[in-house]
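For reference, the structure is listed below as structure tokens.
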Amino acid sequence: MNKVLSSLGMAMRAGKLVTGDETVLKAVRGGKAKLVLVAGDASDNTKKKFRDKCNSYNVAIVVALDRESIGGAIGKSERVLVAVTDQGFASMIEGGLKSITEVEYID
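Numbering follows UniProt numbering, in which position 95 of the sequence shown is assigned residue number 95; successive positions increment by one, without gaps.
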């Protein structure tokens, strides 16, 4: 899990990560999002909204971690939703998530 969290932090510092509902939606719609990460403790409505949107635009989406972990990794307060806009970081994060059992992959 540390690899995932540090990768999120690096992506944020590199400017390759966006947070917040509207910003993530814009990245998905604009084709910039390579991976959307939704916190496991996000509301069911949020999970459904982004699952449907990501499926429509063929963007990988993963439900994992919790809002405190995601926020802490990127130096912010709690975050429920982030989008990675760089394929290299997205692959690194997905690879790290494969070792975590509490992950829901959504195609």
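All C-beta atoms, glycine included, are put in the ideal place defined by N, C-alpha and C.
**Report entry** residue 97, enclosing alpha helix (DSSP H) - first and last residue
**Finding:** 87–97
Report task. Locate the alpha helix (DSSP H) running through residue 8, then write down its first and last residues. Result -> 2–13
Query raised in the report: Can you tell me the Cα-Cα spacing of residue 107 and residue 49, whole angstroms?
Result: Because residue 107 carries a pLDDT of 48, less than 50, the predicted location of this residue cannot be relied on, and the following value inherits that uncertainty. Cα-Cα distance, rounded: 14 Å.
Query raised in the report: Are the region 92–102 and the region 16–33 in contact at 8 Å, needing three or more beta carbon pairs?
Result: no
Requested in this report: May I ask you to verify whether the region 73–85 touches the region 30–46, counting CB pairs closer than 8 Å and requiring at least 3?
Outcome: yes
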